[in-house]
Structure formats: structure tokens, C-alpha cells
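Some notes on the structure that comes next.
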Amino acid sequence: TNDKAVLAANALGIIQGVGNNKFDPDGIFTRAQIAAIINRIARVLGVDTDGYSHSFSDVVGHWVDSELGWPSSVGIINGVGNNQFSPDTELTTEQAIAITYRAMQVLKQ
128 TNDKAVLAAN ALGIIQGVGN NKFDPDGIFT RAQIAAIINR IARVLGVDTD GYSHSFSDVV
188 GHWVDSELGW PSSVGIINGV GNNQFSPDTE LTTEQAIAIT YRAMQVLKQ
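Residue numbers (my numbering): 128 to 236.
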């Protein structure tokens, strides 16, 4: 992409793309991706996101495992029940709105 906002987010470490120097703006956005992006935005804003844990059993070994502790601990993003996060499930519009709203509330403090 040549989008300056995406390139800036990439330079800040917020957006990492899908591999091979690709962004994929038309791809499926997952629960893992929004959790990681929220966590990275918090770090850029100076929030110490280290040292938080989660109880989701389905992310062990998944790339989002280390990005999920803070946003789940502060109530920005929740699981889907039974200690499951469902990281590779497509993010719904409703989930995106709720997660973004909660992130804005937590990060504005």
C-alpha cells in the first residue's frame, strides 16, 4: 500500500501486515488482529502492557498469545466462553465497534 496512515502505523509497529511486505486491506480481520493492534497502540501511547496474563487455552503457541494479556485484563476484549478466545475467527462489525469503544475508554485516561 501507499496509504500514508497505514505506512505510519507500520513504522510505529502497530500494523505488521500479513507477510511478504503485504498489507491486504481487503482481507478478513480477525479477533487476534484487533487484540494485537489495540495492545500495540497502547504501547505506542506509553502504556506498560507487559506482565499481564490471560486464561485463554486456545491461544497457547498462537502468535497473538503475548499480545492478549493487557487488552483482556483491562476489559477491552473478552473471550467467547469456556476459556476460549477464538483468535482466528473473523471479527464481526459489532465486536469491532464494542472493542474499539472500550479501548478508547481505557486509553483516554
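Ideal Cβ placement from N, Cα and C applies to all residues, glycine included.
All values derive from a computational prediction rather than experimental measurement.
Anyone know if the C-beta pair for residue i and residue j falls short of 7 angstroms?
i	j	result
residue 156	residue 234	no
residue 230	residue 165	yes
residue 141	residue 158	no
Identify the residues that DSSP records as bridge partners of residue i: which are they?
i	result
residue 235	Answer is none; residue 235 lacks a bridge partner.
residue 217	157
So residue i and residue j are supposed to be a Cβ contact under 8 angstroms. How far apart are they, rounded?
i	j	result
residue 248	residue 183	This structure cannot speak to residue 248, because the chain is shown only from 128 to 236.
residue 201	residue 192	Going by Cβ atoms, the distance from residue 201 to residue 192 rounds to 17 angstroms, so no, they are not a contact pair.
Quick one: residues in its chain with C-beta nearer than 6 angstroms to the C-beta of residue i, no 5 flanking neighbours on either side, listed in chain order?
i	result
residue 161	218, 226
residue 181	195, 196, 199
Note the first and the last residue of the continuous alpha helix (DSSP H) segment covering residue i.
i	result
residue 131	131–138
residue 200	196–200
Residues in the same chain with beta-carbon distance under 7 angstroms from residue i, minus the five sequence neighbours each way, listed in chain order, please.
i	result
residue 150	128, 133, 144
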